[in-house]
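Using this note's numbering, the letters of the sequence shown correspond one by one to residues -1 to 309. Cβ atoms here follow ideal geometry from the backbone N, Cα and C, with glycine treated the same way. In this text the structure is predicted, and so the values were computed from the model without any measurement.
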Amino acid sequence: MNSGCEETQAQLSDYAEGELGDAAGCRIEEHLRSCRACAGELTLIRALVSGLHKIPEETAPPAVLAAISRRLRERPSPALRPAALPAWLTSWRLAAAGAFAAMAIVAVITMAPDRRAAGPTPVVVATRPPDQVEAVVPPAGVAGLSTAIRGVTLGGQLAAAGATVAEGARIETPAAPEGTAAAVFAYSDGTTVEVGGSAKLVAGADELRLDTGSLALSVEKQKLHFRVRTPEAVVTVWGTRYRVTHRTVTTVEVQEGKVQVESLGPGAGSVVLTGGQRAQVEAGRLHVPKPAAVTEPVRPEDTRLPLGDDR
């Protein structure tokens, strides 16, 4: 852990509660964009706070309260000690363990009564104070949102760094400068997805459906047959880094590794791309630009004639 992580994690609890100033908050957000570990800690802290808010308050029976009050009157009250901060606010390691416990308990209380089979439903963990965003306990998410600019929505609700991306959740991003990520989410195996501006997609454990926009992906090798589906093509990968863009044309660019691109139109075709290659699918037709021919420069010694040759 570097000094930047230590400083960030020391302030994550205050950041999650919205108690940091603008300057400190901006520093935290800048660090979260590049650090998956700290973004994961933020997700756990917010889930813990959300779970604690869900625990109902219990009231003792009147007879018990009366008995306690009577005994307190019969003997002097001990001096009260100053209240101490909860341990999870001073130790991020305990916060992580507590978050898992809280999520498990709340999930049983909330979900056990309803045993009906249900399809994937987009659910957002509260990323703002309860008076601004409704706090709900997420099901097992497929990924965590580590970066999000203002205006990103998840399941139709405003989202920010730390939200859980559930199976079937719809993500939409506002306009953003070309080549920059409006949102970034990461899977538990380390696979990351950078979402460009003005994008619309649906997330899944093994497949992303890109309706419009641009994605830059880094897929871990153990995530076999991970797919990106656009209206015109299906891109299947085997551990690689690549970019998929769909506006009116689907463009696939591979940085390293190997992907398979399949056209879904009437002129269906398939091609396997490796690092440095690209392909486009337009109007159902697959196009793979041929690489430029590479020629070796002519060396001076290749132009010399042998001694005694009059040619």
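With respect to residue 183, residue 213 sits apart: the two C-beta atoms are not nearer than 8 Å. For the options 279, 270 and 209, the alpha carbon positioned closest to that of residue 193 is the one of 209.
In the displayed model, residue 286 falls within coil according to three-state DSSP, outside both helix and strand.
According to the DSSP secondary-structure assignment, residue 150 is paired through a beta bridge with no residue. If you draw a 10 Å sphere on the C-beta of residue 69, you find fewer than 16 other C-beta atoms in it, and that means exposed. For residue 216, the three-state secondary structure derived from DSSP is strand. The C-beta distance from residue 171 to residue 196 rounds to 7 Å, short enough to fall under 8 Å.
For residue 231, the enclosing beta strand (DSSP E) begins and ends at 231 to 235. Contact check for residue 200 and residue 207: beta-carbon distance about 4 Å, within the 8 Å limit, so the pair qualifies. In the DSSP assignment, the residues bridged to residue 192 are 182 and 214. Taking residue 252 as the centre and dropping the five residues before and after it, the same chain places the C-beta of 240, 271, 273 and 275 closer than 6 Å to its C-beta, in chain order. Comparing alpha carbon positions, the residue from 38, 168 and 2 closest to residue 188 is 38. Looking at the DSSP output, residue 169 shares a beta bridge with 152 and 199.
Annotation: residue 18 is outside any beta strand (DSSP E) and is labelled neither H nor E by DSSP. Secondary structure of residue 209 (DSSP, three-state): strand. The beta carbon of residue 20 lies closer than 7 Å to none in the same chain, with the five residues before and after it left out. Using a 10 angstroms sphere on the CB of residue 24, the tally of other CB atoms stays under 16, which defines it as exposed.
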